[in-house]
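Student: Residue numbers are given in my numbering: position 519 of the sequence shown equals residue 558, and the series is strictly consecutive.
Below are the structure tokens for one structure; questions will follow.
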Amino acid sequence: MDQIKLSFLLLITVLLMACSGNDQTQIDLVKRPDTAHSNTNYIGNKAPLKPSAFIKLPVGSIQPEGWLKEYLVRQQNGLTGHLGEISAWLQKEDNAWLATDGKGKWGWEEVPYWLKGFANLGYILNDKRILDESKVWIEAALASQRTDGNFGPERMTHGGQDFWGNMIMLYCLQSYYEYSNDQRVIDLMTKYFKFQLTVPDEEFLTPYWQRIRGGDNLHSVMWLYNRTGEEFLLELMEKIHRNTAPWTSRDHQRSDIQCRQHKRYNDQDWPEWWTTQIDWHNVNHAQCFREPAQYYLLSHKEADLKATYDNFNIIREYFGQVPGGMFGSDENCRPGYDDPRQGIETCGIVEQMNSDEHLLRITGDPFWADHAEEVAFNTYPAAVMPDFKSLHYITSPNMVLCDHENHHPGIDNSGPFLMMNPFSSRCCQHNHAQGWPYFVENLWMATPDNGLVAAIYSASTVKAKVANGKDITIKQETNYPFEEQIKLSLEVKEAVEFPLYLRIPGWCKNAGIKVNGQKLDLQTSAAGYAKLTRKWQSGDVVIIDFPMELGVKRWEKNHNSASVNYGPLTFSLKIEEAYERKDSEETAIGDSQWQDGVDKAKWPSWEISPLSAWNYGLIYDANNLANSFEVVKGEWPGNNFPFTPEAAPIKLKAKGKRIPEWQIDEHKLCGEIMDSPVASSEKTEDIELIPMGAARLRISAFPVVK
């Protein structure tokens, strides 16, 4: 009997040791993944291209959950999902994108701008209506290829072919290929790029838009090269870079900077730094500053990679001393116009997010994921109405009135560019569509060592291949960025060993990780990745804690103003908002083009006016933020949508004083902010701050009271 007991105890011990062995998790802190490996499950960069740090998963691999899914559903039911029914640029009659000869009245950037988000929304949500409508345009693009290899609208500019619209359509075709594996996409792109190679340099990427934005063409050539390896594509890469605007240079002639150039004071000499960027148009910069980093994959020159970082920093040095991640450009940056009331196009917002996602894949630098989150959580949500049926052309960190008046020259644009309008501009109403679908597609990525990285955080489910082709599903449960904890639950058919990378945000100083309840030793005070390597099994659970702390950012170069942060969220003054419905046709700008017969009453515009005071200066003790701000956490909204003043689940209680001289100015804009500290004899009041993304009227950069 004792022998039986002893044998049983030995068996239990062996089993426990085996279980303990299986539960061993190796954790390493790394700044970047090792690109010496080559992922065997997904297509990465072929030599001589430099390996990318991360590899994009095919569209549809990642399903959004939580508030992010709710946002996509609202987009599906809102402007993105129905723009094809109201925009004349998307009507099928006389549309050059549907014509095999490329001729028609409607045929430039609007169709592919909209389609790149619309189609991907369908791929992600598996919406049959969207999929069917997208296929009409995809099939037309595939059928439009002519005998010389060119395709799409026949559009000429400055004596040569305008390649810009095609650059956007190539994005659409690449996503369609990821979804369908339709060989016709590869065939069309191969023939088209052979055609581009035959175009003389003097007729290739001629000014203006296509020359500035050649990096998008370069991206698509690299995408095709990684799938076919045809050497002529390397020659075309060099040609595209050679003919693209020189985003690597710093000593341009003013005459070479082609965006509209307005300075604040007529007697002011142009600042020397103005010639450090080839273009100061907001969308161009957000979209094109990355081109040197893309070319770096071919050149292998660190100077090219550095040029992209420099471009990013230069525009923010002079126009980006504001919260929310963007910069004060309105349409074009202008010397002297750098106040937090200057804004950014919705086009610029979504293009910046797209650039951040590109650069995250190229470099692996977690900074780009941090920045994508900063823009996505704080700036982008307030650019659109909660029902996603109208949007701003311009969104600013300090914006206290959204109406249909002309605010020029306070902002660069002349016209009703601040109100919420369903169809007011040719670009943003179409281009906004890419923002959230592309964000979803970059939440998870493959790593060179056959692993996965949780790159950008949001509730989601990813299905991917790891190790030697094993299928895995990871469900991410969280209300991040409104809460600190993230839960990852893994499902596999059989135990499989692979590395799982978890991005540590730059704002988080004390991250914690548990695997199956066991706390891992993680000591880090800087951004990077926690690399978890183990033999993963179904039922494994990873808990990530990103403790959020209060912080105040002083913008010394912008009147020493202050913004308040809590983790990845920036906060704005809660202003009571009054919405007034307006007739969209009467308040639209001149180049709006509605389809005939549209019931415009179904698509109203909105003016938003303040019903409460907004001219507060902030009072706080820099040495004791906990006593200056109270973090108040409420219930999660029942509709799963936290981006409204009423539903925001986190609020801050603070102290402030009104500044009577800070008023609406002669341009009917929030007056320019004054130098801090500011004197005020007004009484101290309790004020409430809400997440910046939930505030469509907002003061996000505050003067600080003495």
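Every residue, glycine too, gets a C-beta built ideally from N, C-alpha and C.
1. With DSSP run on the structure shown, which of helix, strand or coil describes L111?
2. Grab the span of the beta strand (DSSP E) containing Y618 for me, first residue to last.
3. Within a Cβ cutoff of 8 Å, which residues of the same chain sit near R250, ignoring the five residues on either side of it in sequence?
4. Mind checking which residues open and close the beta strand (DSSP E) that includes E533?
5. Could you tell me the alpha carbon to alpha carbon distance between K108 and D369, rounded to whole angstroms?
6. Can you tell me which of the three DSSP states L273 falls into?
7. Classify N604 as helix, strand or coil using the three-state DSSP reduction.
8. What residues are listed by DSSP as bridge partners for K696?
9. Which residues bound the beta strand (DSSP E) around G551?
10. Excluding five sequence neighbours on each side, which residues of the same chain lie with their C-beta closer than 8 Å to the C-beta of P455?
11. Which complete beta strand (DSSP E) runs does the stretch 465-498 hold, if anything under 3 residues is left out?
12. Using the Cα positions of P90 and L571, report the straight-line distance between them to the nearest angstrom.
13. What's the C-alpha gap between G695 and M424?
14. Does the Cβ of L336 have 16 or more other Cβ atoms within 10 Å, making it buried, or fewer, making it exposed?
15. Check whether the Cβ atoms of I543 and G567 lie closer than 8 Å to each other.
16. If the criterion is Cβ atoms closer than 8 Å, does the pair P520 and K613 meet it?
17. Label P331 either buried or exposed according to how many other C-beta atoms from any shown protein chain fall within 10 Å of its C-beta, with 16 as the threshold for buried.
18. Taking only beta-carbon positions, decide if D73 is within less than 8 Å of chain B.
19. With 16 as the cutoff for other CB atoms within 10 Å, does E311 come out buried or exposed?
20. Taking all protein chains shown into account, decide if M621 is buried (16 or more other Cβ within 10 angstroms of its Cβ) or exposed.
21. Taking the beta strand (DSSP E) that W262 belongs to, which residues open and close that run?
22. Measuring only the C-alpha atoms, how far is V439 from F741?
23. Start and end of the alpha helix (DSSP H) containing I647?
24. Let me check one thing: in DSSP terms, what residues is I583 bridge-paired to?
25. What alpha helix (DSSP H) runs, 4 residues minimum, are completely inside the stretch 58-106?
26. Are the beta-carbon atoms of N679 and G105 separated by less than 8 Å?
27. Would you tell me roughly how many angstroms separate the C-alpha atoms of L736 and N205, rounded to the nearest one?
28. Let me make sure I understand the geometry here. Which of S77, C372, K340, E341 has the alpha-carbon closest to that of R355?
29. Checking 8 Å against the spacing of the C-beta atoms, do G254 and R194 come in under that value?
30. In this structure, does DSSP put F232 in helix, strand or coil?
31. Can you look up L571 in the DSSP assignment and give me helix, strand or coil?
32. Indicate whether K502 and E516 have their beta-carbon atoms separated by less than 8 Å.
33. Could you tell me whether the Cβ atoms of L257 and M276 are closer together than 8 Å?
34. Compute the Euclidean distance between the alpha carbons of K548 and P586, then round it to the nearest angstrom.
35. So, does the stretch 692-706 touch the stretch 469-481, judging by three or more C-beta pairs under 8 Å?
36. Between E724, I177, A75, N165, which lies nearest to K155 when the distance is taken from Cα to Cα?
Tutor: By the coordinates alone:
1. Position 72 of the sequence shown, counted from the first residue, corresponds to residue 111. Helix at L111.
2. Counting from 1 along the sequence shown, the entry for residue 618 is found at position 579. Segment 616-621, the beta strand (DSSP E) holding Y618.
3. The sequence position of residue 250 within the sequence shown is 211, counting from 1. If we look at R250 and ignore the five residues flanking it on each side, its Cβ neighbours are L244, N282, T283, A284.
4. Locating residue 533 in the sequence shown gives position 494, counting from the first residue. For E533, there is no enclosing beta strand (DSSP E), as DSSP marks it with neither H nor E.
5. One-based indexing of the sequence shown puts residue 108 at position 69. One-based indexing of the sequence shown puts residue 369 at position 330. Here the alpha carbon of K108 sits roughly 30 Å from the alpha carbon of D369.
6. Within the sequence shown, numbered from 1, the residue matching residue 273 stands at position 234. Looking at L273 - three-state DSSP - the assignment turns out to be helix.
7. Taking the sequence shown and counting its residues from 1, the one referred to as residue 604 is at position 565. DSSP places N604 in strand when its eight states are reduced to three.
8. Numbered from its first residue, the sequence shown carries residue 696 at position 657. BP columns for K696 point to G656.
9. Position 512 of the sequence shown, counting from 1, holds the residue named residue 551. 551-554 is the extent of the beta strand (DSSP E) around G551.
10. Along the sequence shown, one-based indexing puts residue 455 at 416. Within the same chain, P455 has close Cβ partners D442, H443, E444, N445, S463, T626, A627, I628.
11. Taking 3 residues as the shortest admissible run, the stretch 465-498 contains the following complete beta strand (DSSP E) segments, listed from N- to C-terminal end: 483-485, 491-493.
12. On the sequence shown, residue 90 is found 51 positions in, with the first residue counted as 1. On the sequence shown, residue 571 is found 532 positions in, with the first residue counted as 1. So the two alpha carbons sit approximately 22 Å from each other.
13. Numbered from its first residue, the sequence shown carries residue 695 at position 656. Numbered from its first residue, the sequence shown carries residue 424 at position 385. Computed Cα separation, rounded: 28 Å.
14. Start at 1 with the first residue of the sequence shown, and residue 336 comes out as number 297. Classification of L336: buried, given that the 10 Å Cβ count is 16 or more.
15. Position 504 of the sequence shown holds residue 543. Position 528 of the sequence shown holds residue 567. A contact, by the Cβ cut-off of 8 Å.
16. Here residue 520 refers to the residue found at position 481 when the sequence shown is read from its first residue. Here residue 613 refers to the residue found at position 574 when the sequence shown is read from its first residue. Cβ atoms of P520 and K613: not closer than 8 Å.
17. Start at 1 with the first residue of the sequence shown, and residue 331 comes out as number 292. So P331 counts as buried.
18. No chain B appears in the structure shown, which is made up of a single protein chain.
19. Counting from one through the sequence shown, the residue named residue 311 turns up at place 272. Under this definition E311 is an exposed residue.
20. In the sequence shown, residue 621 corresponds to position 582, counting from 1. The identity of residue 621 in the sequence shown is Lys, whereas the question assumes Met. Here K621 is buried: its Cβ has 16 or more other Cβ atoms, across all protein chains shown, within 10 Å.
21. The count along the sequence shown starts at 1 and reaches residue 262 at position 223. For W262, no beta strand (DSSP E) encloses it; the enclosing alpha helix (DSSP H) starts and ends at 253-267.
22. On the sequence shown, residue 439 is found 400 positions in, with the first residue counted as 1. On the sequence shown, residue 741 is found 702 positions in, with the first residue counted as 1. If you take the alpha carbons of V439 and F741, they lie about 13 Å apart.
23. Counting from 1 along the sequence shown, the entry for residue 647 is found at position 608. No alpha helix (DSSP H) holds I647; the beta strand (DSSP E) holding it covers 644-649.
24. Against the sequence shown, residue 583 aligns to sequence position 544. Per the DSSP secondary-structure output, I583 pairs in a beta bridge with I525, I552.
25. For the stretch 58-106, not a single whole alpha helix (DSSP H) run of length 4 or above is found.
26. Here the question's residue 679 lines up with position 640 in the sequence shown. Here the question's residue 105 lines up with position 66 in the sequence shown. If you check the CB distance, N679 and G105 come in under 8 Å.
27. The count along the sequence shown starts at 1 and reaches residue 736 at position 697. The count along the sequence shown starts at 1 and reaches residue 205 at position 166. Cα to Cα, the separation comes out at about 37 Å.
28. As a first step, residue 355 must be located in the sequence shown, where it is residue number 316. The candidate whose alpha carbon is nearest that of R355 is C372.
29. Numbered from 1 along the sequence shown, position 215 holds the residue referred to as residue 254. Numbered from 1 along the sequence shown, position 155 holds the residue referred to as residue 194. Cβ atoms of G254 and R194: not closer than 8 Å.
30. Mapped onto the sequence shown, residue 232 falls at position 193. In the three-state reduction of the DSSP assignment, F232 falls in the helix class.
31. Taking the sequence shown and counting its residues from 1, the one referred to as residue 571 is at position 532. L571 falls in the strand class under three-state DSSP.
32. Reading the sequence shown from its first residue, position 463 is the one you call residue 502. Reading the sequence shown from its first residue, position 477 is the one you call residue 516. E516 sits away from K502, with the two beta carbons spaced by 8 Å or more.
33. Position 218 of the sequence shown, counting from 1, holds the residue named residue 257. Position 237 of the sequence shown, counting from 1, holds the residue named residue 276. Yes, these two residues count as a Cβ contact at 8 Å.
34. Position 509 of the sequence shown holds residue 548. Position 547 of the sequence shown holds residue 586. Their Cα atoms are separated by approximately 8 Å.
35. With fewer than three CB-CB distances shorter than 8 Å, the stretch 692-706 does not count as touching the stretch 469-481.
36. To locate residue 155, count along the sequence shown from 1; it is residue 116. It is I177.
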